[in-house]
Structures are given as structure tokens and as C-alpha cells.
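Protein chains in written order, with numbering that gives the first Met the number 0: chain A, 0 to 327; chain B, 0 to 242. Notes for the one structure printed next.
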Amino acid sequence: MKVQRWTPQSGVFIAALGAMVLVLAVGPTWFSAGVTDRLSALFVYVILGAMWNALAGYGGLVSVGQQAFFGLGAYAAIRLSHADVPVYLAVALAGLAVGVVSLAIGEVMLRLRGGEFAVGMWVVAELAHLLVNLDPLVQGETGTSLIALNAIAAEARRAYTYWLSLAAMVALLAVLFALLRGRLGTAIQSIRDDERAASSLGVNVLATKRIVFVLAATGCAMAGALWLASAITFQPKAYFSVQWTAYMIFMTLVGGIGTFEGPILGAILFFLVETFFGGRGVWYLVGLGAAALAFSLFLPRGIFGALEQRFALRLLPLGFRVVERTKP
Amino acid sequence: MLTATGLSKRFGALVVLSDVDFSVRAGEAVGIVGPNGAGKTTLLNILSGTYPPSSGRIAFRGTDVSGLDAAARCRIGIARSHQIPRPFHGMTVFENLLVAARAGGGLRGRAAEQKCLDALGQCGMLKLSNRPGATLGLLDRKRLELARALATGPDVLLLDEIGGGLTDGEAAELVAIILAIRARGIAVVWIEHIVHILVQVVERLVCMDAGRIIAEGDPKSVLRDAAVIDAYLGPSAAHAAVG
Ligand SMILES: Nc1ncnc2c1ncn2[C@@H]1O[C@H](COP(=O)(O)OP(=O)(O)OP(=O)(O)O)[C@@H](O)[C@H]1O
Ligand SMILES: [Mg+2]
Numbered sequence: 000m001k002v003q004r005w006t007p008q009s010g011v012f013i014a015a016l017g018a019m020v021l022v023l024a025v026g027p028t029w030f031s032a033g034v035t036d037r038l039s040a041l042f043v044y045v046i047l048g049a050m051w052n053a054l055a056g057y058g059g060l061v062s063v064g065q066q067a068f069f070g071l072g073a074y075a076a077i078r079l080s081h082a083d084v085p086v087y088l089a090v091a092l093a094g095l096a097v098g099v100v101s102l103a104i105g106e107v108m109l110r111l112r113g114g115e116f117a118v119g120m121w122v123v124a125e126l127a128h129l130l131v132n133l134d135p136l137v138q139g140e141t142g143t144s145l146i147a148l149n150a151i152a153a154e155a156r157r158a159y160t161y162w163l164s165l166a167a168m169v170a171l172l173a174v175l176f177a178l179l180r181g182r183l184g185t186a187i188q189s190i191r192d193d194e195r196a197a198s199s200l201g202v203n204v205l206a207t208k209r210i211v212f213v214l215a216a217t218g219c220a221m222a223g224a225l226w227l228a229s230a231i232t233f234q235p236k237a238y239f240s241v242q243w244t245a246y247m248i249f250m251t252l253v254g255g256i257g258t259f260e261g262p263i264l265g266a267i268l269f270f271l272v273e274t275f276f277g278g279r280g281v282w283y284l285v286g287l288g289a290a291a292l293a294f295s296l297f298l299p300r301g302i303f304g305a306l307e308q309r310f311a312l313r314l315l316p317l318g319f320r321v322v323e324r325t326k327p
Numbered sequence: 000m001l002t003a004t005g006l007s008k009r010f011g012a013l014v015v016l017s018d019v020d021f022s023v024r025a026g027e028a029v030g031i032v033g034p035n036g037a038g039k040t041t042l043l044n045i046l047s048g049t050y051p052p053s054s055g056r057i058a059f060r061g062t063d064v065s066g067l068d069a070a071a072r073c074r075i076g077i078a079r080s081h082q083i084p085r086p087f088h089g090m091t092v093f094e095n096l097l098v099a100a101r102a103g104g105g106l107r108g109r110a111a112e113q114k115c116l117d118a119l120g121q122c123g124m125l126k127l128s129n130r131p132g133a134t135l136g137l138l139d140r141k142r143l144e145l146a147r148a149l150a151t152g153p154d155v156l157l158l159d160e161i162g163g164g165l166t167d168g169e170a171a172e173l174v175a176i177i178l179a180i181r182a183r184g185i186a187v188v189w190i191e192h193i194v195h196i197l198v199q200v201v202e203r204l205v206c207m208d209a210g211r212i213i214a215e216g217d218p219k220s221v222l223r224d225a226a227v228i229d230a231y232l233g234p235s236a237a238h239a240a241v242g
């Protein structure tokens, strides 16, 4: 018997992904302005879906307050830029800064379980929103903007934001993939399935959850800062809106919770729905919610989970297969 | 090797353990019997660090481990199974073990994987390697508890009723597995109601009743003890178990 992880199929898939990233990397030189902007948004959605899935799908930490970090990320970028940090550096560092803050938030929140954690995170988001509104720089709900961006030509701005979004997405997915393939991956899944059993097998529950929590917070904050880099204006209400978490849940549940590829697929679907049905407004959100609910009821592992099973897909394998040793 | 002194446990007003002394030497196999509600599982929970005792201390290899939580105790070599199995539903059997080998055993990469294959082989579970935990039946879940604990590479294995519901053939297989574990020098503490299985493995038997140890020592003499027959076995069962 031997243990198999990579398959030829996953090798081919990763090579294809790498090629696709290279093509995307030169995108702004030939994409139209509209396409460049939309793809920047898609990259942000992929980050959001992947981060919520890391928390809920792998860690069992269902948060309905991830917009806290999305909003704080944008706010941190405003603050850093205001402190004369070069504007794109501010956008890049904002996520890391919020990641540090999330360590403290996690210390409190990770002592809560299940529904308490979920609701607790929503409270955190509301508190973060209120606190940010108190900052004179933000001027309450009037908001402010990333003024330093005005000094840069629109075309260059569009390309920088695109590259930064692409780089953040690739880096976050790569870090998440590496972590989930290693000791952290088995540890966090065991906590999701049975915290007490995990602990009795030597898993340091709090430390493991903390890593995933901080990674997800950092990722969502990076997404918020990148969104700001596109939108320029910062109205707290728009960033601390629960709709962001609703999007994350939709992407994860429809794409496939607890699968690495699922939320990426979910983000692409969400992006297409938004692009073609021009989504805004209450009914749009209701539709997303209903779709997410339907998927969790009838296709609990989402579209990717179903495809994976049907076609024996192993694209980005995190798991382990024990197979007969082939005779030499 | 593992020594507990003066253990008491209260849940509110309910006294579940009172002043229990218990120890197991390196490589020794000790059986624990006693009626339902005697406090056997509670003793095991306290030894493994699932919750702290109301009073008393626990030493492992001469150092006090009373302050360590379950995870830390597992990492230094005290592993346990759960009476009501707790498989990781969303992970395969192999991955269930890998949690143990990586976290409890401190192993990485191929070494961790090999440890799991060894433990699965030893417990006769290799065929089930790729099955999700959620799909296992009760007997396989109990076997998984054993294999997972073994994959942590323990010095002391605390087993809680892993033998219930077995046919004679399966019971004989389980006895062979535990004897092989002992032969590797791992100390075993085994709580079991099926006394005739237990006596094939253990060299010392402890009988508990109402939160106290009422008899301990050589299995045969414990099973002939008047207090044990009275509290637990009943006269005919005692006769059958001793043979
Ligand atoms: N967490 C708890 N809270 C309150 N009471 C408890 C708790 N755990 C156990 N008890 C009580 O403590 C007593 C001893 O329970 P324990 O599980 O240790 O018995 P046991 O000897 O393992 O029995 P069995 O053979 O049925 O497994 C029982 O009366 C039980 O109801
Ligand atoms: Mg019990």
C-alpha cells in the first residue's frame, strides 16, 4: 500500500492554471478598460469566497461578520495612505495590518462556538463599523476617498489595481493551498468534525483555529482594500454591509463548501450572474440567498462537489488516497 | 509510568469519583471493570485530561501533568479512545489517523503517512483506508478509535469499551491486536464489560463501584472477590469468567 496525493490529472490542471495566470498577468496590455475592471472585481470575489470557505468549510467557523474585515481593510488603506504611505503600498499593507488586529479579535471570538461565534462576528462587524464612523477622517457615513489615487492617471490606476488584485488572489490561494495540504489541513478539519476528539489526539485547537481565522481576516481585508482601490470612495455603510458576507456564503455554498476548488467556481458563477443580471437591490439578494439555500439542501457539496464525484476529478488535491503499490 | 493519587470528581452535587488511586507501569496491561455508572469513563477522562479532577494529581514518567490539557497529554504519550466513538465524519479513515500521527505523534510527511499505514495494518483496517468516517458502522468506528489512538505513538493507551458487540471470531482478533500492541511495550488500560476477553490480555484487574476501587490485583482473585461478585458480576458470571 502507498499513499497518493498528486495525480497526473492534477499536474495537468496546475500547469493549465499557471498558464492562465500568465495570460491574465499580461491582460491589462490588451483588455478593454471595462474587462480589466470587471476581472479585478472577479479576483476580489475569488478571494472572498476562498476565505469564507477556509473558515466555514474547513474550520467549521461559520462567520456572518466577515464584512468587518472587508471594511477594516479599506479603512486601513485610507489611514495608511493618509499617513503618507505610498498609495499602492498602503493598499497592499492594509490587509496585513488588519490581520494583526484580527489576532486580538480572534482571542475573544474563538472562545465562542457554533451559533455564538456566528452572531458574535456579526456584532464585531457592527462595532467595527461604528468605531470607523467615529474617526473624523471618515466623516461618519459621508465617507471619504483614497485621495492619493487622484494623482495617478486612470489607465495606470486600472492596471495597477488589476495586477495587485491578481497577485493577492494567487498568493492567498497558494498560501491557503499549502497550509491545507500540510498539518494545518488535517488539524483544522478534525476540529470542524469533532473538537473534543481532535484535542484528545494532540491537536492544539485554539492555535489551529487562530491561524485560519487570521488568514481569513487578512484575505477579506486585502479584498476590501483592493475594492477601495477600484472604487476610490469609502462610504463605511457600503463596506461594512452584510451583503459581502452574503456573497461569500453564496459563492461557497453554490461552488462547493469544504472543497478547495468550489468557491473559486462559485465566484466565477456569482460574477457571471452579476454581470448578466446586473445584480443590485433587494430581489437580487433574495435570489442569491434562495440559491445558496437550495444548494445546501439539495447539493450539499455544491456544484464542484457533484462534478468531482461524477467525473472522479482530482484537480487541486488536498486529501490522501491509499492505493495498492503497483508492481515494478 | 502513569500514576494518579487521590482523584475525586464531582458534577455539581453528584460525587462520581472519590479518592481513587490508580497507576499503570510501563508496558503493563490493566483491566477496569465495574457496573454502569461506576465512574470508569470519568476516571479515563481525568487521566487523559478531558476535564480536570475536583481534587487529586496525576504524574506521568515522574512529572506532574495535572496542569496539561488533553492535547498536551496526548503529545507526551497518553492516548485514549472514546466509549462513544467520535470519528471525523468529513475525513477518510486514513486522514482520521493522519490527524493523530501529525498532531499527537509529532510526525511529518512520509513518516506520518507510514505510521498511519502501520496502525491501520495492525488493526486490520487497511481496506477501509479511503472510506469517509461518516460511512463507518459502529464496530468499525470503535476500531477506528483504537487505530487513531495507536497512530499517536503512545506509551500508554487508554481504551474505553472497544470490544462491545463482537462475535467470538472478532473478539479473538481484537485480543490478538491488543496483545501485539502490548508486545511493542505500550502500556494498556482497558475498560471493558466483556470480562472473558479482558482476562486474556490484562495482568491486573481493577474493579470499580460507585466511584471507588473496590478490588484490584491478579484477575483471577479479583473475580473471586466477594465484593466484586456482589457489586458487579453476580455468582454465575464470576464462575464463567474465571473458567
Ligand atoms: N459530564 C457529566 N455531568 C454529570 N454527570 C456525569 C457526567 N459524566 C458522567 N456523569 C455521571 O457520572 C457517573 C459515572 O459515569 P461514567 O461514565 O464514568 O460511568 P462508567 O463506569 O463509565 O459507566 P458505563 O459502564 O455505563 O460506561 C454516572 O452516574 C454519570 O451519569
Ligand atoms: Mg463508561
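Built from N, CA and C at the ideal position, the CB exists for glycine as well.
For residue i, the three-state DSSP class (helix, strand or coil)
i	result
B:G242	Here the model assigns B:G242 a pLDDT of 48, short of 50, so the residue's position is not dependable, and the following value carries that caveat. The answer is coil: DSSP assigns B:G242 none of H, G, I, E or B.
B:S54	strand
B:F93	helix
B:T49	coil
B:R79	strand
A:L306	helix
A:S9	helix
B:G36	coil
A:A224	helix
A:T251	helix
A:I210	helix
A:F42	helix
A:D36	helix
B:P86	coil
CB contact flag (residue i, residue j, <8 Å)
i	j	result
B:V188	B:L157	yes
B:E160	B:I190	yes
B:R79	B:S47	yes
A:L172	A:M221	no
B:L125	B:L135	no
B:A150	B:L232	no
A:G119	A:T251	no
B:F59	B:L16	no
A:G265	A:G48	yes
A:V11	A:S101	no
A:V45	A:M168	yes
A:V202	A:A186	yes
A:L136	A:I77	yes
A:I210	A:L179	no
A:A67	A:V123	yes
A:F233	A:H128	no
B:L165	B:L138	yes
B:V155	B:I57	no
A:G301	A:G255	yes
A:A117	A:V34	no
Identity of the residues DSSP links to residue i by a beta bridge
i	result
A:S31	BP columns for A:S31 are empty, so no partner.
B:A28	B:V187
A:T232	A:S144
B:T62	B:F59
A:V2	A:V321
B:L16	B:K8
B:A3	B:F21, B:I57
So within the region 102–173 of chain B, which uninterrupted beta strand (DSSP E) runs reach at least 3 residues, ignoring any that extend past its ends? 155–159
Tell me the start and end of each unbroken beta strand (DSSP E) in the region 175–234 of chain B that is at least 3 residues and wholly inside, in chain order. 186–190, 203–208, 211–216
Using a Cβ cut-off of 8 Å, which residues of the region 186–213 of chain A contact any Cβ in chain B, in chain order? A186, Q188, S189, R191, D192, D193, R195, A196, A197, S198, S199, L200, G201, V202, N203, V204
Which residues, in chain order, does the region 46–68 of chain B contribute to contact with chain A at a C-beta distance below 9 Å? S47, G48, T49, D68
Restricting to runs no shorter than 4 residues, where is the alpha helix (DSSP H) found entirely within the region 147–200 of chain A? 153–180, 182–192, 194–199
With 9 Å as the C-beta to C-beta threshold (strictly closer), list the residues of the region 300–326 of chain A near chain B in chain order. G318, F319, R320, V321, V322
Can you give me, in chain order, the residues of the region 199–215 of chain B that have a beta carbon less than 7 Å from any beta carbon in chain A? none
Run through the region 64–133 of chain A for me and flag every whole alpha helix (DSSP H) of 4 or more residues, listed as ranges in chain order. 66–81, 86–108, 113–133
Under 7 Å (Cβ pairs) to chain B, residues found in the region 253–281 of chain A: G257
Can you pull out the residues from the region 101–115 of chain A whose beta carbon lies closer than 7 Å to at least one beta carbon of chain B? none
By the 8 Å beta-carbon criterion, what residues does the region 59–92 of chain A contribute toward chain B? none
Please list the residues of the region 125–139 of chain B that have a C-beta atom closer than 8 Å to any C-beta atom in chain A, keeping them in chain order. L125, S128, N129, G132
Output, in sequence order along the chain, the residues in the region 0–15 of chain A whose CB is closer than 9 Å to any CB in chain B. M0, K1, V2
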